[in-house]
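Structure, as structure tokens:
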Amino acid sequence: MFSQLENIKGKFIEAGKALSDPAATQDMKRFAQLNKEYRELEKVVNVYERYKLVLGNIDTNKQILNTESDEEFRELAKNDLSQLETEKGKIEDELRALLVPKEPEDERNVLFEIRAGTGGDEAGIFAGDLARMYTRYCEALGWKVIIQSATDGSAGGYREVVLEITGENVYGKLKFESGVHRVQRIPETEAKGRVHTSAVTVAVLPEADEVEVVVNEADIRLDVFRASGAGGQHVNRTESAVRLTHIPTGTVVECQAERSQHKNRETAMKMLKTRIYEAAVRKHEDEIAARRKTLVSTGDRSAKIRTYNYPQGRITDHRINLSVYNLDSYMNGEIGEMIDALAVAEQSEKLKEGGVAF
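Position 174 (the sequence shown) corresponds to 160 in our numbering; numbering is contiguous.
Here you go:
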């Protein structure tokens, strides 16, 4: 383990030298990659240096206990040693987490799709609630959220909405949200006050790079139509909305976010490539899920992952059997506790697979 950490420290030093070379800025793409690598390695090296300092202090205190005759001095060393051993354990946990291999998709931006399922108008209303919840969570993290396409629900909310979310480590945070979200509550449309169960499907798609997905223009059918919903007279009176169909896979995307047909086509093409790329990522996630008990990273979009029970004020994630009772604040975007718990569950599985030990 120490040899692995020393190798990482060596790479960190080399990355620092490369960044300080004036020639590095001549290729900005390479410079950005170097800077990203440097920052990632720096996290590990900083914890490693703390770890070595603690180990050194432990050895010093053990030496005092072995050689010192002054009882007061020995008692101080004994107390310090106890605290240092506790700190050593915490740092080892931190290092294990840092040494777990990261999924290459985790730092990607995402397309975040929310679709109303069973439950009629209430499902559409809840889809709107989820869109607001996720938007507030993302904005609190400093991420940018743009509505790429939306179909309004007949009683409010959405039948379908696609959000583009950009920021740092977006897919790594949100990838666990894919699946069926079930809500149990008295609908606004229910006159008799009975609790209904409705469902909304969420899909989190990591955004594809141009070089990763090559789509032949001859394989795409383009349809244009008038946009619906908010946007003013220009949007609703001109055929600015775009629908792209990838004939070989049957993949269909729509975009009506912009007033310009050209811009909508550009955005739709990016969405199309993302969905094609996501199929490969989903296969990868299924392979991971087959090895893990938690099924946190399952690619199965039809799996029921979470229940929002309004009468009890409870949210339950069925993959890790975790319930929290802060529904009001949760629906206002304070979902970090659940997302962090899912990340810890996946990390535990990775640690078991990797066998990272000291």
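The beta carbon of each residue, even a glycine, is placed where N, CA and C say it ideally should be. Just so you know, these numbers come straight off a predicted model, no measurement behind them.
>> For L328, count the other beta carbons within 10 Å of its own beta carbon; 16 or more makes it buried, fewer makes it exposed. Which is it?
In response: That one is buried.
> Which partner residues does F98 have in the DSSP bridge list?
Replying inline: L149, V190
> Excluding five sequence neighbours on each side, which residues of the same chain lie with their C-beta closer than 8 Å to the C-beta of R207?
Replying inline: The beta carbon of R207 sits closer than 8 Å to the beta carbons of L230, T231, I233 from its chain, once the five residues preceding and following it are set aside; these are given in chain order.
> Do you know offhand how far A331's Cα is from D56's?
Replying inline: 48 Å
>> Out of M119, Y157, L191, which one is the CA nearest neighbour of E89?
In response: Residue Y157 is the option with its Cα nearest to E89.
> Quick one, are the C-beta atoms of Y294 and H167 less than 8 Å apart?
Replying inline: yes
> Do you know whose CA, among V188, K161, G153, E174, lies nearest V147's CA?
Replying inline: The shortest C-alpha separation from V147 is found at V188.
> Between A113, G236, V169, which lies nearest to R145 when the distance is taken from Cα to Cα?
Replying inline: A113
> If we call anything under 8 Å between Cβ atoms a contact, is N21 one with L41?
Replying inline: For N21 and L41, no; Cβs fall outside 8 Å.
>> Is there a C-beta anywhere in chain B that falls below 8 Å from the one on E54?
In response: Considering every chain present, this structure includes no chain B. It has just one protein chain.
> Taking the alpha helix (DSSP H) that S140 falls in, what are its first and last residues?
Replying inline: That residue, S140, is in no alpha helix (DSSP H); it is neither H nor E in DSSP.
>> Considering only DSSP beta bridges, list what Y144 is partnered with.
In response: Answer is D138.
> Given E108, which residues of its chain have a CB within under 7 Å of its CB, disregarding the five upstream and five downstream residues?
Replying inline: P173, T175, H182, S184
> Is it true that the CB of P192 sits closer than 8 Å to the CB of E125?
Replying inline: no
> CA-CA distance, F(-2) and K336?
Replying inline: Near 24 Å, if we compare the C-alpha coordinates of K336 and F(-2).
> Should E(-8) be counted as a contact of the ligand GDP given a C-beta to heavy atom distance under 7 Å?
Replying inline: Among the ligands in the structure shown, none appear at all, so the ligand GDP cannot be discussed.
>> If the criterion is Cβ atoms closer than 8 Å, does the pair I151 and V238 meet it?
In response: Result no, Cβ atoms of I151 and V238 do not sit closer than 8 Å.
> Between the beta-carbon of I325 and the beta-carbon of F59, is there less than 8 Å?
Replying inline: no
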